[in-house]
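Chemist:
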Amino acid sequence: MTDWDKFEADTANAPMSQIIDELKDQRRVLSDATKRVEQLEAKIISEFPEEFGDQTKVYGDDVVTINRQERFNWDQDKLDDIFKSKPLPDHVKRRLTVDKRTFQKLTETDQVVLAPALTRKPGPVSVKLTRSK
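Okay, so the sequence shown: first residue is 104 according to our numbering, each after it adds one.
#1: Helix, strand or coil: which one does DSSP assign to GLN158?
#2: Please report the residue range of the alpha helix (DSSP H) in which ARG131 lies.
#3: With DSSP as the reference, label VAL215 as helix, strand or coil.
#4: Could you please give the first and the last residue of the uninterrupted beta strand (DSSP E) stretch that includes THR222?
#5: Tell me which residue opens and which closes the alpha helix (DSSP H) that LEU168 is part of.
#6: Taking ASN170 and GLY156 to be in contact with their CB atoms under 8 Å, please state how far apart those CB atoms are, rounded to whole angstroms.
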């Protein structure tokens with residue numbers, strides 16, 4: 104490719120190159136701002152006791168409320184051991200799942216059996232920038 108061809112290609116791609124450069128800049132700005140917000144929130148959170156629920160404090164004219172949610176995480180194996188020899192009560196649910204990669208490796212016949220229980224939803228969309236040279 105001659106210098107002139109490269110110049111013409113660069114000129115033709117200039118609008119997109121500007122958009123890409125601006126995207127890079129804005130991602131950097133956003134990343135820096137996100138990190139700073141996380142640092143400031145962590146400092147504020149550290150001023151509150153580690154208790155579940157809403158907590159409020161007043162600082163001058165500002166009212167700061169934080170909420171620590173309580174999440175339950177059940178050990179599936181232990182629950183299975185507890186209810187191994189007796190029927191499941193109404194308040195205990197048995198959760199069945201199928202690993203995506205395993206499902207994709209199954210034969211078509213096996214996939215057809217499971218297909219009625221499968222719902223596919225679109226995931227998040229991302230834009231990735233890499234260097235071509």
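All C-beta atoms, glycine included, are put in the ideal place defined by N, C-alpha and C. All of these numbers come straight from a predicted model, not from anything done at the bench.
Modeler: In short, the structure shows the following:
#1: strand
#2: 117-148
#3: helix
#4: Where THR222 is concerned, there is no enclosing beta strand (DSSP E), given that its DSSP letter is neither H nor E.
#5: Residue 168 is actually Thr in this sequence, not Leu. From DSSP, THR168 is part of no alpha helix (DSSP H) but of the beta strand (DSSP E) over 165-171.
#6: 7 Å
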